[in-house]
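Student:
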Amino acid sequence: MSGAGKVVCVTGASGYIASWLVKLLLQRGYTVRATVRKLDDPVKTEHLRALDGANERLHLFKANLIEEGSFDPVVDGCEGVFHTASPVSLSVTDPQAELVDPAVKGTLNVLRSCSKVPSIKRVVITSSMAAVMFNGKPLNPDVVIDETWFSDAAFCEQSKSWYMLSKTLAEDAAWKFAKENGIDLVTLNPGFVIGPFLQPTLNLTVEAVLKLIKNGGPTFSDGIYRFVDVRDVVNAHIQAFEIPSASGRYCLVGTIAHYSEAMRILHKSYPALILPEKCEDEKPVVPPYQISKERVKSLGIDFIPLELLPFISSSEQSEAIEAVLRRLDAKRPSPSVQESAAKAVLQRLLPTHLSSFEFKIVSKDVCNGRSCFWVTNHKNSSRNAPEILIKGTTAVEITSGLHWYLKYQCGAHVSWDKTGGSQIASIPKPGSLPLVSDKGVLIQRPVPWNYYQNVVTSSYSYVWWDWERWEKEIDWMALQGVNLPLAFTGQEAIWQKVFLDFNISAQDLNGFFGGPAFLAWARMGNLHGWGGPLSQNWLDQQLVLQKQILSRMIELGMTPVLPSFSGNVPAALKEIFPSASITRLGDWNTVDGDHRWCCTFLLNPSDPLFVEIGEAFIKQQIKEYGDVTDIYNCDTFNENSPPTSDPTYITSLGAAVYKAMSKADKDAVWLMQGWLFYSDSSFWKPPQMKALLHSVPFGKMIVLDLFADVKPIWKTSSEFYGTPYIWCMLHNFGGNIEMYGVLDAIASGPVDARVSENSTMVGVGMCMEGIEQNPVVYELMSEMAFRNNKVQLEEWLKTYSRRRYGKTVHNVEAAWEILHQTVYNCTDGIADHNIDFIVKFPDWDPSLNTRSEISKQIQMHKLLALHRNGRFILSETSSPLPPSHLWYSTQDVINALRLFLDSGNDLAGSLTYRYDLVDLTRQVLSKLANKVYLDAVTAFQDKDAKALSFYSQKFQQLIKDIGKLLAADDNFLLGTWLESAKKLALNPSEMRQVRTKFSPLVFYYTQFRITQLIGTEWNAKTQVTMWFDNTKSMQSQLHDYANKFWSGLLEGYYLPRASTYFSHLLKSLRGNETFKLVEWRKEWIAFSNEWQAGTELYPVKAQGDALAISRALYEKYFS
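If you read the sequence shown in UniProt numbering, its first letter stands for residue 1, the second for the next number, and so on.
(1) When the distance is taken between beta carbons, is T629 closer than 8 Å to L653?
(2) Which whole runs of the alpha helix (DSSP H) in the stretch 57 to 91 are 4 residues long or more, in chain order?
(3) Closest to G515 by C-alpha separation, out of L534, K715, N55, would be which residue?
(4) Exposed or buried, what is S336 when buried is set at 16 or more other beta-carbons lying within 10 Å of its beta-carbon?
(5) From the DSSP secondary-structure annotation, give me the bridge partner or partners of Y11.
(6) Evaluate A506 with the Cβ neighbour count: other Cβ atoms within 10 Å of its Cβ, from every protein chain shown; 16 or more gives buried, anything less gives exposed.
(7) The alpha helix (DSSP H) spanning K807 covers which residue range?
(8) With DSSP collapsed to three states, give me the class of C410.
(9) Nearest-angstrom Cα distance between residue 1154 and S1047?
(10) Determine the burial state of S91: buried for a count of at least 16 other Cβ atoms within 10 Å of its Cβ, exposed for fewer.
(11) On the three-state DSSP scale, how would you describe M781?
(12) Using CA coordinates, which residue listed in M768, W162, S422 is at the minimum distance from D152?
(13) Suppose contacts are defined by Cβ-Cβ distances below 8 Å. Is D475 in contact with V345 by that definition?
(14) Alpha carbon to alpha carbon, how far is I238 from V230? Give it in angstroms, no decimals.
(15) Please report the distance separating the alpha-carbon of N987 from that of L978.
(16) Could you tell me if A467 is buried or exposed, where buried requires 16 or more neighbouring beta carbons within 10 angstroms of its beta carbon?
(17) Kindly give me the distance between the Cβ atoms of residue 1120 and V456, rounded to whole angstroms, as I take these residues to be in contact under 8 Å.
(18) May I ask which residues mark the beginning and end of the alpha helix (DSSP H) holding H694?
(19) By DSSP, does F359 sit in helix, in strand, or in coil?
(20) Suppose the cutoff is 6 Å on Cβ atoms and the five residues either side in sequence are ignored; what does the same chain contact list for residue 1172 look like?
(21) Taking the Cβ atom as the reference point for each residue, do L958 and V918 lie within a distance shorter than 8 Å?
(22) What is the rounded straight-line gap between the Cα of L1107 and the Cα of G626?
(23) Return the bridge partner residues of T394 from the DSSP annotation.
(24) Considering F900, what are the terminal residues of the beta strand (DSSP E) in which it resides?
(25) Which complete beta strand (DSSP E) runs does the stretch 571 to 627 hold, if anything under 3 residues is left out?
(26) Given a threshold of 16 other Cβ atoms within 10 Å of its Cβ, counted over all protein chains shown, does D665 qualify as buried or as exposed?
(27) Do C410 and P426 come within 8 Å of each other at the CB atom, strictly closer than that value?
(28) Considering only the alpha carbon of each residue, which of S662, G106, S681 lies closest to S717?
(29) Spatial neighbours of A815 within its chain, please: C-beta separation below 6 Å, excluding the five flanking residues on both sides.
(30) Kindly indicate which three-state DSSP category E787 falls into: helix, strand or coil?
(31) What are the start and end residues of each continuous alpha helix (DSSP H) run of 4 or more residues lying completely inside the stretch 1034 to 1083, in chain order?
(32) Only counting runs of 4 or more residues, tell me where the alpha helix (DSSP H) segments fall wholly within the stretch 144 to 184, in order along the chain.
(33) Excluding the five sequence neighbours on either side, which residues of its own chain have a C-beta within less than 7 Å of the C-beta of K790, listed in chain order?
(34) In this structure, does DSSP put Y405 in helix, strand or coil?
(35) Looking at C-alpha atoms only, which residue of K278, R249, C156 is the closest neighbour of A262?
(36) Under three-state DSSP, which class holds T219?
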């Protein structure tokens, strides 16, 4: 039955059963009037307001059970009333006042209100098995309890079973009142209710299970329990209302079991839990009595089996996470240190307004135990007094509050420098700051953590950073509310010291550590030695930098995530410890399996040496940095599968990894990227996932659902099988420059996950491989750390446009509406990775492939030029031509560019506008180039030399034109990347050493293998081009993975590549010869290797007028 148009009431809506009842009623279309004791208590109301349909059809009322008439306005106009409100406690000091009166008087008050409303067709009351079976009758296997049983009040009072007494008296009073007043009443009598949680607090039944787990005593109680899942209970409530023939009482018990059975299921599902192994009474377990299910069958209830009931609920996970949070809170610096750190952020961002704000650290008690910020007007009205007071539970909360105020009160915008920087011109002068409302702005985090970084971001984005750049990034993090950042810098220096204690020399490590631009993959065991060796200066410098980074993070109240040992070891360890269980892993993306950088060594976690090294590593970090965190990242099998799929082995593996952490830090929590569950899903089936996730003690693992913006694992893994997780946006691969996003998923996904059934979500995160692109995506994602409800994007984008450019420009707002529905609305589920043909040039022979595949791509481009909301990816083609990912109408985006250009006179001086204009023009031209490329190869297949020449020249001209465009903005220059790499040399003599000893790279071929001397500049160039190893005639398997649309790279690298390729095509066509693909490869690879080794200087300052160039290119290609 649909509830559309029907109004019902639910009392005690913040409770366990009632929260679920509200959720399911809303799902069925009902309008729900729900009562709570405190409307202003977010603990009682936030989870209800976040439910789907709540904004439109949920109305909350304050009501008091004891107060007669309190429910009159709530039930007026309702068709049905669900009365669930009743105190639940087994330990009271005044049973009459605490239990009996609220239960009995509350029930009668609700029924009196219902008796006044003729529209009410039925009242459903949540009673309990406590009102059924406590009467002193003997219980044995032959006894069948059914709805004709009633508890005896005298027996309950005599045995001091006060809760049972309250439920018995309340139900008895309800039936008498209903009979006397002609009320159609149904009562439901559930047993021991367990299952997933919606509300943030524990209920009595699950609290009992949690205490058993937490206390870890030697025995469990000798008791029989009447288990029932909360979802079965709630479905029974709704059926009891909707089925006309429903009447009387219904016992709701799915399974009757001895506590030993519950322990067995718990241990099977969570082998790492320390559980009691025997009953407190060692007598044989007596078979339980029975409870009839005959009547409840008429409601269509098919009880969930005990084996499938989630004993460990999201609320219990929350309790475990709360314990972690309390320990981390104790590590934070004093309020004065944090307040000063927040002030310093303000001074760097807005030095003119330093005296306009006062910052104050407050207790979490101010925000009901959560992290929050509170922006209010300052009470002191003297001339030089602060204008705005911002309170927060940490410095990060204060800076988040500052950012929120500047955004939504002052119309400011904060972005990375390389995406246009900050727009603060809209902020009024000191003394004129806008006031907030009298109550202020109070924002609580719906989940505790806002995580930041991917393990490879350190190589794709941070690799060449100095402290000046890091300081800016940490400020950005603080303003965006990041409180759980990855801190991976400098770990090689730690490893050097640790391995030295295991007799591994610095020389041995030269072939172990990767070069600066490839450290991330060396750390994960994908490769070794590639791009190395690292100089001692590099190691020392990075360790100093890490200490600066950690110091600032800690001052701001952040919790850094440090690395831990995953089993990746140098080859020399096998020689020093010949009996150690060390396995050589398989190849990871090399051309021909060269052992100089492929096939790393993994120390088996079962080997005692694993724990010894892992413990030593964390202890060395604590020695260097102090006791700054309890959270450690470890990814043992990143794109490398375990040697066996046996769950027992995987459990032992996970247990060993955690043991290595916990021996050094008893409170350690393992933070693991969940990428492996997506990238290697054929291996990580449910048994293997459960084995790994449940291999550590309860509450000691947090999983990053790394790709939740596109491929959320939480949905297909029962919330990671009860393991806390962080909803993450991956978004970017390889630091590519491509306008792309899934704004709708970001605006709703974290909320859907948080309020989902049995949610174990504990945070949101940004896990991009590379930063400094698509600022709109990261602005929105950062806000989701503070958003309880889904974001209405149409209005949000309007305010974003006004803030980003400092003024309202209607053409730009209209352009953003188009961009939202096109480039930022990719819903095809394809992982975005920029393979535009300019930056990822196809390595193939078009003469060996049918024209149909080319025609197919051309047709798709034509369709998308005409139709909105197209979704095409040609991944199913058998052609080696790489598919171009195009998911939107190119004509629509050209129209958006036209609107941007029309706004040029209004926004010509805006750096944020210039960045967006250049990026949008680049996006449009790059998609045009894809089509031109296809036209060129079609001409080749048609043997039309004239057309091939025309289209190949046009393709090359587009490269030149895009290069000229990018050169007009400082943020799209190859030169800045290279100069940052070279700046790491500490002095002129070392600069010469870098240039001579390590670079330029000297290449020579010995059986098509490369021998090399490496430097930072070579690292920087190689990462964005060839990436990994190659032979004389075979490109790297990862070539162009980290491609960039950068001026300098287009003219200096991509243009020669395209030029030589098309020259070979024309030559073969004019000479009626076979296209010599291998000859082109040899020529091209030789050029690439020489370019990687070169020392040519590239501009580091923009040249030209970006607006004028963009206008000219629009006229040239689209007018």
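The beta carbon of each residue, even a glycine, is placed where N, CA and C say it ideally should be.
Just so it is clear, the structure is predicted and the values come from calculations on it, not from any experiment.
Tutor: For this structure:
(1) Taking 8 Å as the Cβ cut-off, L653 and T629 do not qualify as a contacting pair.
(2) 72 to 75
(3) L534
(4) exposed
(5) Reading off the sequence, residue 11 comes out as Thr, not Tyr. Paired residue(s): H83.
(6) exposed
(7) K807 -> no alpha helix (DSSP H), and no H or E assigned at all.
(8) coil
(9) Because residue 1154 is not part of the residues shown, which for the chain are 1 to 1119, the question remains open.
(10) exposed
(11) helix
(12) Among M768, W162, S422, the Cα nearest to that of D152 belongs to W162.
(13) yes
(14) 13 Å
(15) With a pLDDT of only 45 at N987, under the threshold of 50, the placement of this residue in the model should not be trusted; the figure read from the coordinates follows. Whole-angstrom Cα-Cα distance: 17 Å.
(16) According to the sequence as given, residue 467 is Trp; it is not Ala. Exposed, because fewer than 16 other Cβ atoms sit within 10 Å of the Cβ of W467.
(17) Nothing can be reported for residue 1120, as the shown portion of the chain is limited to 1 through 1119.
(18) Note, H694: premise wrong, no alpha helix (DSSP H); not H, not E.
(19) strand
(20) Not covered by the structure: residue 1172. The range shown for the chain is 1 to 1119.
(21) no
(22) L1107 and G626: Cα-Cα distance of roughly 51 Å.
(23) Paired residues: none, contrary to the question.
(24) It is not in any beta strand (DSSP E) - F900 instead sits in the alpha helix (DSSP H) that spans 890 to 902.
(25) 582 to 584, 601 to 603
(26) With a 10 Å radius around the Cβ and a threshold of 16 neighbouring Cβ atoms, D665 comes out buried.
(27) A small correction: the amino acid at residue 426 is Ser; Pro does not occupy that position in the sequence shown. Note that the C-beta distance between S426 and C410 is below 8 Å.
(28) S681
(29) A896, L899, F900
(30) Residue identity differs from the one stated: residue 787 is Arg in this sequence, not Glu. R787 falls in the coil class under three-state DSSP.
(31) 1055 to 1070
(32) 153 to 158, 162 to 181
(33) Counting only Cβ-Cβ distances below 7 Å, and skipping sequence neighbours, we find A747, S748, V751.
(34) When DSSP states are grouped into helix, strand and coil, Y405 belongs to the helix group.
(35) K278
(36) strand
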